[in-house]
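All residue numbers for the sequence shown refer to this note's numbering, where the first residue is 33 and numbers rise by one. Each residue gets a CB set at the ideal place from its N, CA and C atoms; glycine is no exception. Because the structure is a prediction, the values reported are computed rather than measured. In what follows, a structure is listed as structure tokens, so that the remarks can point back to it.
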Amino acid sequence: MKNRNTRLRVKLPIALASLLAISSSQAATVFFTNPGLDGTPGYGNAPTSWSGIPVGTTYSEATSGDGASPILMGPTGPNVANGYFGTPQSGNTFAGGIYRTIGADNYQQGIQQTVTGFTVGEQYSFTFFQAVVGYSGAQDDSGSWKVFANGALIATTDTSTTTVAWNTPGKPLEWEQRTITFTATAETINLAFLSFDPEGSGTDAANGVMMGIDSFSDITEVPEPSFAALGLIGVLGILRRRRA
């Protein structure tokens, strides 16, 4: 009997690992279009297959068209003199967004894309990279992104900081990965990303921030252990108690 239990203790973890691997492989994947945010650099330009978030959007703080305009940047522009440039995390371009008050206008810029293929009630996860970019009118060294799914806030990313000044030659941005996990409420979801600073919207250059975003992963369904796997976990627990 002892030898039989020993064999079970050896075989069951292997079977459990196999079942968990199968469960993971069966998890559905949803894809962003143009996840690398490639496009033509420019103020008011969004990456190909993405769009800006218009003024008047209920969850945006922007109060003017200019304050809602997306920005697409690369190593050489669109405007190096003013700081609208930097090194992408991957590819040739990345998106940016200003968060500050300029005169009477609130600026909160970002990008959005509508994605289809979700299963309602299932949990999903994806990653992207963020960096503090800065420009002549927004030189704060920290900021984050707000993430919305069909208009509902699902995450405010952990703050990133930078030691790279807005006008550093070449501007080697300090990219950091962030993970977003959420539960699907519809088969088709608009995912929106707005620049943000937990310290507040600054009214001068020293306290305004411009954030960068780049390199989205696939959106993967978070796998749940199968009933068989849960049963094996229970058997392993019994064997451990017997051994003790």
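Spatial distance of residue i from residue j (CA atoms)
{"i": "Ser157", "j": "Gln145", "result": "16 Å"}
{"i": "Thr151", "j": "Phe180", "result": "18 Å"}
{"i": "Glu208", "j": "Thr193", "result": "10 Å"}
{"i": "Trp177", "j": "Met243", "result": "8 Å"}
{"i": "Ser249", "j": "Arg210", "result": "10 Å"}
{"i": "Asn77", "j": "Thr125", "result": "11 Å"}
{"i": "Thr95", "j": "Ala60", "result": "38 Å"}
{"i": "Thr217", "j": "Gly153", "result": "6 Å"}
{"i": "Pro220", "j": "Gly183", "result": "For the sequence presented, residue 220 should be read as Thr rather than Pro. Approximately 13 Å, taken between the alpha carbons."}
{"i": "Ser55", "j": "Gln155", "result": "At Ser55, the pLDDT of 44 sits below 50, so the modelled position is not reliable and the matter cannot be decided from this model."}
{"i": "Ser92", "j": "Phe225", "result": "10 Å"}
{"i": "Asp173", "j": "Ile251", "result": "30 Å"}
{"i": "Asn111", "j": "Gly202", "result": "12 Å"}
{"i": "Pro204", "j": "Phe117", "result": "10 Å"}
{"i": "Ala135", "j": "Thr235", "result": "Checking the sequence, you will find Gly at residue 135 rather than Ala. The alpha-carbon atoms of Gly135 and Thr235 are separated by roughly 8 Å."}
{"i": "Gly99", "j": "Tyr139", "result": "4 Å"}
{"i": "Thr108", "j": "Ala238", "result": "24 Å"}
{"i": "Pro120", "j": "Gly106", "result": "6 Å"}
{"i": "Gly240", "j": "Glu256", "result": "42 Å"}
{"i": "Thr189", "j": "Gly97", "result": "25 Å"}
{"i": "Ala53", "j": "Leu223", "result": "Per-residue confidence for Ala53 stands at a pLDDT of 47, beneath the threshold of 50, marking its modelled position as unreliable; the derived number appears in the next sentence. Looking at the two C-alpha atoms, the distance is approximately 29 Å."}
{"i": "Ala163", "j": "Asp137", "result": "24 Å"}
Element boundaries [beta strand (DSSP E), containing residue i]
{"i": "Leu223", "result": "Thr220 to Phe228"}
{"i": "Tyr116", "result": "No beta strand (DSSP E) holds Tyr116; DSSP gives it neither H nor E."}
{"i": "Asn138", "result": "Asp137 to Gln140"}
{"i": "Tyr131", "result": "Phe126 to Ile134"}
{"i": "Ala184", "result": "Ala184 to Thr188"}
{"i": "Ile251", "result": "Ile251 to Glu253"}
{"i": "Leu104", "result": "Ile103 to Met105"}
6 Å CB neighbourhood of residue i in its chain, flanking five on each side removed
{"i": "Gly129", "result": "Gln141, Gly142, Ser227 and Met243"}
{"i": "Ile186", "result": "Val179 and Phe214"}
{"i": "Gly232", "result": "none"}
{"i": "Ile212", "result": "Phe158, Val179 and Ala187"}
{"i": "Ser122", "result": "Gly68 and Ser247"}
{"i": "Thr90", "result": "none"}
{"i": "Val254", "result": "Gln155 and Ser157"}
{"i": "Phe161", "result": "Gln121, Trp207, Gln209, Asp246 and Ser247"}
{"i": "Val165", "result": "Gly118, Gly128, Met242 and Gly244"}
Those residues which DSSP pairs with residue i across a bridge
{"i": "Leu205", "result": "Note: Leu205 sits in no beta bridge, so no partner."}
{"i": "Trp177", "result": "Ser227"}
{"i": "Asn239", "result": "BP columns for Asn239 are empty, so no partner."}
{"i": "Gln155", "result": "Thr215"}
{"i": "Asp246", "result": "Phe161"}
{"i": "Gln144", "result": "Ser83 and Ala224"}
{"i": "Ser192", "result": "Gly175"}
{"i": "Thr61", "result": "Thr252"}
Same chain only: Cβ atoms within 7 Å of residue i, ignoring 5 sequence neighbours per side
{"i": "Thr80", "result": "Asn66, Asp70 and Gly71"}
{"i": "Thr191", "result": "Ser174, Gly175, Ser176 and Pro230"}
{"i": "Asn114", "result": "Tyr167 and Ser168"}
{"i": "Pro73", "result": "Leu104, Met105, Gly106, Gly109, Pro110 and Thr125"}
{"i": "Ser57", "result": "In this prediction, Ser57 scores a pLDDT of 45, lower than 50, which makes its location untrustworthy; the coordinate-derived value is nonetheless stated afterwards. Here the set comprises nothing."}
Residue i CB to nearest heavy atom of the ligand ATP below 8 Å
{"i": "Thr119", "result": "The ligand ATP is absent from the structure shown, which contains no ligands of any kind."}
Close beta carbons around residue i, own chain, < 8 Å, minus the five adjacent residues each side
{"i": "Tyr75", "result": "Ser101, Ile103, Pro110, Asn111 and Tyr116"}
{"i": "Phe63", "result": "Val147, Gly149, Asp250 and Ile251"}
Taking contact to mean at least 3 C-beta pairs separated by less than 8 Å, is the segment 161-173 in contact with the segment 82-89?
Contact between the segment 161-173 and the segment 82-89 is absent, because fewer than three Cβ pairs lie under 8 Å.
Quick one: any contact between the segment 130-139 and the segment 191-205, if contact means 3 or more CB pairs under 8 Å?
no
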